[in-house]
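**Student:** Below is one structure. I have some questions about it.
There are 2 protein chains.
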Amino acid sequence: MSVQTDRTTVKRLADRGRYDRETIDAILDEAYLCHVGMVVDGSPVVIPTLQARVGDHLILHGSPASRMLRGATTQEICVTVTLVDGFVLARSAFHHSINYRSVVVLGQAEKVTDEADKAAALDALVEKLTPGRIPFLRPMSDKEVKGTTVIRLALTEASAKVRSGPPGDDEEDYELPIWAGVVPLVTSYGTPITDPAMRMEVPIPDHVVDFRA
Amino acid sequence: MSVQTDRTTVKRLADRGRYDRETIDAILDEAYLCHVGMVVDGSPVVIPTLQARVGDHLILHGSPASRMLRGATTQEICVTVTLVDGFVLARSAFHHSINYRSVVVLGQAEKVTDEADKAAALDALVEKLTPGRIPFLRPMSDKEVKGTTVIRLALTEASAKVRSGPPGDDEEDYELPIWAGVVPLVTSYGTPITDPAMRMEVPIPDHVVDFRA
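Sequences listed follow chains A and B, in order.
If you're matching positions, the first sequence starts at 1 in my numbering and goes up one per residue.
If you're matching positions, the second sequence starts at 1001 in my numbering and goes up one per residue.
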């Protein structure tokens, strides 16, 4: 299923564009952060927030007081997700680059009001942040669910842009004795820091030791 | 020097707002990526790109054909930079969070036309991506400098937003036998992958071995 529209067609370096849901979903599912763009008083505003995909929607959440969440359901927004995979070191400054996978989703979001949908969306966000943790938590209260706004943006108008592989240098530069290649970027997780306010001894659970393994 | 304006004043969780250049510059200098927001045909568009700070300006660059770079000098843009430091695991789903440092810069960018300024800006971008590499490279040609658009955005209207430290749980939840704390996120660099198109043996230089150490 293609989610390509005129607006989501990659113009610059068009061969990096991808429009299949498989590519797009994989990027959305690996990333946890997104940057939400909207227009406020005629000027653009870009706000970072957590995202999770549930089926054919991207889920965002936050306080009912959030201007971002209110704005996202009354106007077109742009949600951009970017993963950086490595630094591309060429023989010339000009051909240096970054290996990346990014997704842009356009559309107007809608508020999730159905209680079951909302609970599922909130679970998806927690599961995204910290897989396997939900059964260990104090269950969500009605007050908390009511006190959280959840919105969803349909994945109907979107695109991915992907760069991978070695540098592409000018033909004559390959004769130069300059090391070129890619330095991969690796995201990992450090030793968990136990909350100093813990009132009892609780061993660090496996889902934390193997955090997002 | 404060860069706080009404538009850059953090409204949600206002105690996380910072307006001093020292905090803002440190975040911009540690991050290499930014998300640029602008308005295209009335709708917001958010594009990821590399950034570097040179003094009191944020530098962006790209192809002269880039709609983003052209748009950024003819309208107000919003540049957002986000660093994620860790995942905050609370006792309730509700209080889960992320430790982060983000910066928002607002304003209209200007094209850098002075040749010396432009060369310095491009050097800053390469130095940002891969510190210490410039002396090893084939020098930039006039054609490359002319074929690259460089714009700069003054750091006059900006703000940072910072969350750090352990979770903040509901008072009664501290009595629950649930492990809580922070899992730090660590960004590191993998083994450099030599370009398979190398035509000669060149040892991996120190600035690559110690990449952004």
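Backbone N, C-alpha and C fix where the C-beta goes; we use that ideal spot for every residue, glycine too.
Every value quoted in this text rests on a predicted model; they were computed, and no experiment measured them.
Among residues of its own chain, excluding the 5 on either side of B:Gln1108, which ones have a beta-carbon nearer than 6 Å to its beta-carbon?
**Tutor:** Only Glu1076 meet the Cβ criterion.
**Student:** Threshold first: 4 residues or longer. Then list the alpha helix (DSSP H) segments lying entirely within the segment 11-78 of chain A, N to C.
**Tutor:** 21-30, 67-72, all fully within the segment 11-78 of chain A.
**Student:** Which residues of the segment 1178-1192 of chain B have a Cβ closer than 8 Å to any Cβ of chain A? Give them in chain order.
**Tutor:** Correct list: Ile1178, Trp1179, Ala1180, Gly1181, Val1182, Val1183, Pro1184, Leu1185, Val1186, Thr1187, Ser1188, Tyr1189, Gly1190, Thr1191, Pro1192.
**Student:** Just tell me which of A:Lys161, A:Gly132, A:Phe94, A:Asp123 has its CA closest to the CA of B:Arg1133.
**Tutor:** The shortest Cα separation from B:Arg1133 among A:Lys161, A:Gly132, A:Phe94, A:Asp123 belongs to A:Phe94.
**Student:** Here's the rule: buried if 16 or more other CB atoms are within 10 angstroms of the residue's CB, otherwise exposed. What is B:Arg1199?
**Tutor:** Under this definition B:Arg1199 is an exposed residue.
**Student:** Quick one: is B:Lys1011 near chain A, going by C-beta distance under 9 Å?
**Tutor:** Yes, its Cβ sits closer than 9 Å to a Cβ of chain A.
**Student:** Roughly how many whole angstroms lie between the Cα atoms of A:Arg70 and A:Pro64?
**Tutor:** Roughly 8 Å separates the two Cα atoms.
**Student:** Under 9 Å, do B:Lys1161 and B:Leu1028 count as touching if we go by C-beta distance?
**Tutor:** It is not a contact, given that the beta carbons lie outside the stated cut-off.
**Student:** Count the other CB atoms within 10 Å of the CB of B:Asp1195; is the residue buried (16 or more) or exposed (fewer)?
**Tutor:** So B:Asp1195 ends up on the buried side.
**Student:** At a cut of 8 Å, does the segment 1113-1120 of chain B reach the segment 81-98 of chain A through at least three beta carbon pairs?
**Tutor:** Contact fails: fewer than three Cβ-Cβ distances are below 8 Å.
**Student:** Please give the ranges of any alpha helix (DSSP H) in the segment 1099-1173 of chain B, keeping only runs that are unbroken, at least 4 residues long and fully inside the region.
**Tutor:** Fully enclosed alpha helix (DSSP H) runs of 4 or longer: 1115-1129, 1142-1146.
**Student:** When the Cβ atoms of the segment 1162-1180 of chain B are set against those of the segment 49-63 of chain A, are three or more pairs found closer than 8 Å?
**Tutor:** Output reads no: the segment 49-63 of chain A does not touch the segment 1162-1180 of chain B.
**Student:** Could you please tell me which residues of the segment 71-97 of chain A, in chain order, have their CB closer than 7 Å to any CB of chain B?
**Tutor:** Hits within the stretch, in order: Glu76, Ile77, Cys78, Thr80, Thr82, Val84, Phe87, Leu89, Arg91, Ser92, Ala93, Phe94, His96.
**Student:** Spatial neighbours of B:His1207 within its chain, please: CB distance less than 8 Å, with the 5 preceding and 5 following residues excluded, ordered by chain position.
**Tutor:** For B:His1207, where only same-chain residues beyond five positions count, the Cβ hits under 8 Å are Thr1130, Pro1131, Gly1132, Arg1133, Phe1136.
**Student:** Quick one: is A:Pro192 buried, meaning 16 or more other Cβ sit within 10 Å of its Cβ, or exposed?
**Tutor:** Buried, because 16 or more other Cβ atoms sit within 10 Å of the Cβ of A:Pro192.
**Student:** Is it right to say B:Val1183 is buried, meaning 16 or more other beta carbons lie within 10 angstroms of its own, or is it exposed?
**Tutor:** That one is buried.
**Student:** According to DSSP, simplified to helix, strand and coil, what is B:Phe1094?
**Tutor:** Here B:Phe1094 sits in helix by DSSP.
**Student:** Could you work out which residue in B:Val1088, B:Phe1087, B:Met1068 is closest to B:Val1079 when comparing CA atoms only?
**Tutor:** Of the listed residues, the one whose Cα sits closest to B:Val1079 is B:Met1068.
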